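Only one structure is covered here, and it is reproduced in the block below.
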Amino acid sequence: MNTNWRRRATGLLMLAVAAVQAAEWRSWGGDPGGAKYSPLRQIDKSNVARLRPAWEFDTKEWSDGSVYPSRSAFEATPLVIDNVLYVTSPFSHLFALDAETGRLLWDFDPKIDRTMRVNLFVNRGVAYWSDGRRKRILLGDLEGRLFSLDALTGKPDASFGEGGVLDLAAEMIEGFERGYYRLTSPVAVCGDVIVAGGLVPDGEPQGPSGDVRAFDVRTGRPLWRFHVVPRPGEFGYETWEPGSTERRGGANAWSVMSVDERRRMVFLPLTSPAYDFYGGDRKGANLFGNSVVALDCRTGRRIWHFQIIHHDLWDWDLPAQPALVTVRRRGRDVPAVAQVTKQGFLFLLDRLTGKPLFEVEERPVPPSTLEGEQAWPTQPFPLKPPPFARQAMREDELTDVTPESRAECLEMSRGALFGDSLFRPWTEQPMVLFPGLNGGANWGGVAFDPATRTLFINSMDVGGLFRMVRRPEGSTLPYRLRAVKHEFFWDSNRYPCQKPPWGTLTAIDLDSGEFRWRVTLGEFDELTARGIPKTGAPNLGGPIVTAGGLVFIGATNDRKFRAFDKDSGEELWVTRLPASAMATPVTYLGKRTGKQFVVVAAGGGNKYDSIFTGKLIAFSLP
Amino acid sequence: MRVAAAFLAAFLLVAQAPRQYQGKEEKLPLEVGPQPVAFSHKQHAAAKLACADCHPGATSKERAGLPAASRCLACHRTIVPDHPEVRKLGAFEKKGGRIPWVRVYQVPEFVFFSHASHTGAGIDCETCHGPVAERDVLAKEVSTSMTACMSCHAAREVSNDCHFCHALGF
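These protein sequences, in sequence, are chains A and B. Mapping of the first sequence onto our numbering: residues 1 to 622, in sequence order. Mapping of the second sequence onto our numbering: residues 1 to 170, in sequence order.
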C-alpha cells in the first residue's frame, strides 16, 4: 500500500517536473532531439494577433565590418531555465536575463579577439547540464574554448578543465600555421557527457581535424574521439584514395548535434571534406563527409551512418541539427531522424538503424570535366518527400520582377552554364548553382509537431554563380572556386536572380511524405508596394511550433517576425523588427506572471541585412 | 568663428579620413632569408630597368613572376659576366634555369590578387611593395594583411565584399 502510494507520488512529481521543464526552453532545439516544439497554448490562433512587445534587451554587440574586418550575425537561440534566459552575442559574450523582464542578472565575457578574421562573428547559443544539485551553462567561443559556468552566478566552475575552461582548439590546430578551431554552436549533452564538434577551415585540403570529441561534464576529462576522417584500419578508410586522409580537414560538425537521452545516442550532422569545391586529391566517396552519424555517447562507438552526399564538391554541409521525431508506420510508432539538407532534401531515417524510411535512389549524376577531378557517379535522391527547395534554374527562369534587376542578372550571368542537374560538378565556365551555398535549408533546421507528425521547414531559394579558376603552377590545388560577382546569385538590391519564390515555408506530413502546405515566406516591401505578389525573401534561422497551433518564424531579411497557422499555413500575425531576426525564436512560460513569452534575436547584419543590432525582443499577450 | 571653423575643418578631416580597419599589425620591416643571388633592386632601378623587365607579369598577369636565370643572363652574358654573383646565374641555368628566390611578398593561395588588375587601376608597384628602387636588399616593408588590403580598398572605394578577393571556402 505504502509502496504504491510512493510510486504514485513519485510519478506525479516527475510529471509535474516534466510539465515545468516543457514550459521552458532548456535545449537549443527545445528538447535534446531538436523538435523545437512547445506544449504551451496560451498564445493560440485566436489571440496571436494581439501579441505585443513585452521587453527588449540590447547586447550592444555587433560588427558591421567597418571597424573590425569581419561582420557579425546574431544567430543565438536563448535557453530559458528556472526563469533565467541565457543568450550569447556574436562575440560569444553570455548574458543571463530575467526571462520575464529582460533585466540583466549577470554576464560572462570570454573576451575573444575581436580583430580576428572570421567568416562571421557568430555564436548560436549555449548548452545546459544539471545533476539536480549543480547547474552548469556550457559556453563555447570563437577561440575554441569551452567554459563551464555556474548557471546562477556565471562564475567558472573551477573543477572543470583549467579553472573552468577547456581549450578544445590547442590539440586540433597544432602544426597548422593558419589553422583555427572555433565553437559556433552549442555542444551536445548526453547524460554526464559533453559531445563537442567545431568549425574548422575547409578552404585548404589539409587543416585542423574536425573530429568529434567527448568530455566528462564535471571535470572536462577527455573520454573519446570519433575520427570523422577514418584512419588506416578503421571502417570507411577504404572510401578514400590511398594517402588522402592524412591531415585532411573538414567533415566536421559545426552545426548542432542531437541526443536521444534514453538510448544514449548522439547524432552528428557532418560536413564536406576540405577543400570543399575540388576533390581531385581526395578521390572516393569520402566517409564520413556529409553523413549523419549515430554514436553511442558513452563510448563514441559508431552505431550507424548514412552518407547524404558522396564526394561533396558543392560545400553542401549537413547544416541542420538532425531532428529526432516519431512517425507512424503500419500503425506503429517508429523513432526516426529527420535530416534536412542544403540541397533541399529531407532524409527520414530509422533512428535505430539509419535505414531510410522513404526509399532513397542512387541516381547517376554528371561527371567532372576538370583535370584531376573524379566526381562520384551517383548521388542519393529520396523519393519522398519532394524537394522543399528549388534545385535547378533554367535560363528562361531569370528574374522579371523589375527590368533593372533582370538587366543586372542577365549581364552577370552572360555566358554562364545554367543548371540542368543537381550535383553538376564545377567547370571553368561560370555556372549557376541551385540551391546556393547557404541552401535550401541551413542551421535553423526544422520544427516538428508530434500531434500531427508534421515537420516545418523554411527554405531560402537563392542560388550562386561561380566558376573554377586555375591556380598558378606550384599551388596546393590546381583550381579554386571564385564568385563571378557576389556570394549569391542576386543583384545589388539582394533580389535573387531567378523568378520568385525566393523563400518558402513548407509543412510536410512525415507519415505520408506529402506536403501539407507550402507558403511564400517573406517579402520585399518596395516590390509588394508596386503590386508585385509577395516574392518571399532570403532567410536564415528556424521555425518553432506550439500546441497553440502556431508556427513562429523570423529568419527573413525583410525585418519581420511572423506566426503561421500550423494547419493551414495562413499568416496570422506579422510584426516589424528593428532588424532582421536571422535566428530561431523560443517560447516559455514566465513563472511569476504565468505569461507565455516568445523571444527572438533581431540582430540583422549577417550577409543579408545592412542594419546591425544587438537586440533581443520578447513578445507576450497584453 | 575661427574656433568653429577649426572644429568644422577637424570634423571634415575625420569624416573624410579613409577607413582604417583594426587588425593584428604585421611586424615590419620583415626580413626574409638570404637570396640565392645578391641582387640589388637599387642598382638595377638606377640602370633604368622597369619592374616588368624582370617581373614579366607585373602589369599583365595575376602573378608578377620571378626571373629565371635566362632572363638575367639576357643582359649579363655581356654585362659583368665574370662577377661572382653573375656566375651563380650560369650555374642555375645549367640546372634548369630556376632560381630559388625567397619570396618577400606573398598572399595566401585562397586570395585572388591580380597584379594586372592593380597596375591597370593605376596602383604603383611601390604602393604594395614600398620603395623598392631605393633598396639593395629587400625586406617586406608594406603590410599585405587583410586589414591593410581592406583599408586600401575602402580608401579607393573598391569592393570589400569577401568574394571580391577570396576563393570560396572558409
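Note that CB positions come from ideal geometry on N, CA and C, so glycine has one too. Computed from a predicted model, the values in this text were never measured in an experiment.
For residue i, which residues from the same chain have a beta carbon less than 8 Å from its beta carbon, with the 5 sequence-adjacent residues on both sides left out?
i        : result
A:THR587 : TRP25, SER38, LEU40, ILE43, ILE544, THR546, PHE552, GLN596, PHE597, VAL598 and VAL599
A:GLN379 : ILE309, HIS310, GLU362, ARG363, VAL365, LEU422 and PHE423
B:VAL80  : VAL86
A:GLY203 : ALA274, TYR275 and ASP276
B:ALA69  : LEU89, GLY90, PHE92, GLU93, GLY97, ARG98 and ILE99
A:LEU572 : LYS45, VAL48, ALA49, LEU550, ALA563, PHE564 and ASP565
Per DSSP, residue i is paired with what?
i        : result
B:HIS118 : Bridge partners of B:HIS118: none, in fact.
A:GLN498 : A:LEU398
A:PHE456 : A:ALA447 and A:ALA507
A:THR88  : A:LEU94
A:ARG530 : In the DSSP output, where bridge partners are listed per residue, A:ARG530 has none listed.
A:ASN83  : DSSP, once it has assigned bridges, lists no residue as partnering A:ASN83.
A:ASP491 : Per DSSP, none; premise fails for A:ASP491.
A:PRO273 : A:GLY250
A:ASP525 : DSSP output for A:ASP525 lists no bridge partner at all.
A:THR575 : A:PHE561
A:ALA602 : A:LYS615
Kindly indicate which three-state DSSP category residue i falls into: helix, strand or coil?
i        : result
A:GLU56  : strand
A:GLY503 : strand
A:ARG71  : strand
A:GLU613 : What sits at residue 613 of chain A in the sequence shown is Thr, not Glu. Residue state, collapsed to three classes: strand.
B:TYR21  : coil
A:SER620 : strand
A:CYS190 : strand
A:ARG248 : strand
B:ALA133 : helix
B:LYS42  : helix
B:MET1   : Because B:MET1 carries a pLDDT of 49, less than 50, the predicted location of this residue cannot be relied on, and the following value inherits that uncertainty. Three-state DSSP puts B:MET1 in coil, outside helix and strand.
A:MET116 : coil
A:ILE553 : strand
A:MET257 : coil
B:HIS166 : strand
A:GLY33  : coil
B:LEU89  : helix
A:ARG516 : strand
A:ARG8   : helix
B:ALA154 : helix
A:TYR181 : coil
B:LEU13  : Confidence at B:LEU13 is low in this model, with a pLDDT of 43, below 50, so its placement is unreliable and no value can be given for it.
Near residue i, what residues of its chain come up, given a Cβ to Cβ distance below 7 Å and the 5 sequence neighbours on each side ignored?
i        : result
B:HIS129 : TYR105 and VAL142
A:GLU177 : none
A:ILE194 : LEU138, VAL187, ALA214, PHE215 and VAL217
A:ILE112 : PHE91, SER92, ASP141, LEU142 and GLU143
A:LYS534 : THR520, GLU523 and THR528
A:ALA517 : Looking at the sequence itself, residue 517 of chain A is Trp, so the reference to Ala does not match. ALA507, SER568 and GLY569, listed in sequence order.
Going along the chain, which residues of its own chain have a beta-carbon closer than 6 Å to the beta-carbon of residue i, five neighbours each way excluded?
i        : result
B:HIS55  : ALA64 and GLY65
B:ALA10  : Its pLDDT being 48, under 50, B:ALA10 is placed unreliably in this model, and the coordinates cannot settle the point.
A:GLY548 : ARG41, ILE43 and ASP44
B:CYS162 : none
B:VAL14  : Confidence in B:VAL14 is poor, its pLDDT being 42 and thus under 50, which makes the residue's placement unreliable; the coordinate value appears in the next sentence. Within the same chain, B:VAL14 has no close Cβ partners at all.
A:SER580 : ASN557, ARG559, GLY604 and ASP609
A:HIS574 : According to the sequence provided, residue 574 of chain A is Val. The question's His does not apply to it. So the qualifying residues of the chain are LYS560 and ARG562.
A:PRO425 : LEU313, SER368 and ALA375
Is residue i close to chain C, meaning its C-beta is less than 9 Å from at least one C-beta of that chain?
i        : result
A:TYR275 : Absent from the structure: chain C. Protein chains present are A and B.
Under 7 Å (Cβ pairs) to chain A, residues found in the segment 109 to 125 of chain B: For the segment 109 to 125 of chain B, which is checked against every Cβ of chain A, the residues closer than 7 Å are GLU109, PHE110 and PHE112.
Members of the segment 199 to 215 of chain A that neighbour chain B once the beta carbon cut-off is set at 8 Å: The segment 199 to 215 of chain A vs chain B, Cβ under 8 Å: PRO201, ASP202, GLY203 and GLU204.
Residues in the segment 91 to 111 of chain B having any Cβ partner in chain A nearer than 9 Å: Listed by position along the chain: PRO108, GLU109 and PHE110.
In chain order, each beta strand (DSSP E) run of at least 3 residues that lies wholly inside the segment 300 to 340 of chain A: Qualifying beta strand (DSSP E) stretches, in chain order: 302 to 307, 323 to 329 and 332 to 340.
The segment 34 to 47 of chain B: positions lying closer than 9 Å to chain A by Cβ: Hits within the stretch: zero.
Positions along the segment 70 to 91 of chain A whose CB lies within less than 7 Å of some CB in chain B: Those would be none; no residue qualifies.
Contacting positions in the segment 461 to 475 of chain A - beta carbon closer than 8 Å to chain B: For the segment 461 to 475 of chain A, which is checked against every Cβ of chain B, the residues closer than 8 Å are PHE466, VAL469, ARG471, PRO472 and SER475.
Interface residues of the segment 139 to 156 of chain B facing chain A [CB-CB below 7 Å]: The residues in question are MET146, THR147 and MET150.
Interface residues of the segment 257 to 273 of chain A facing chain B [CB-CB below 8 Å]: Here the close residues number zero.
Short-range partners of chain B found in the segment 53 to 69 of chain A, where Cβ spacing is below 9 Å: Under the 9 Å Cβ criterion, the segment 53 to 69 of chain A contributes GLY65, SER66, VAL67, TYR68 and PRO69.
Contact list for the segment 69 to 94 of chain B against chain A, Cβ threshold 9 Å: From the segment 69 to 94 of chain B, no residue has a Cβ closer than 9 Å to chain A.
Near-chain B residues of the segment 298 to 321 of chain A - C-beta to any C-beta below 9 Å: Under the 9 Å Cβ criterion, the segment 298 to 321 of chain A contributes ASP315.
Residue ranges of each beta strand (DSSP E) within the segment 122 to 173 of chain A, 3 or longer: The qualifying runs are 127 to 130, 135 to 140, 145 to 150 and 165 to 167.
Start-end ranges of the beta strand (DSSP E) lying completely within the segment 374 to 435 of chain A, minimum 3 residues: For the segment 374 to 435 of chain A, whole beta strand (DSSP E) runs of length 3 or above, ordered along the chain, are 378 to 382 and 431 to 433.
Near-chain B residues of the segment 100 to 121 of chain A (beta-carbon distance less than 7 Å), N- to C-terminal order: When CB distances to chain B are screened at a threshold of 7 Å, the residues of the segment 100 to 121 of chain A falling below it are THR115, ARG117 and ASN119, in chain order.
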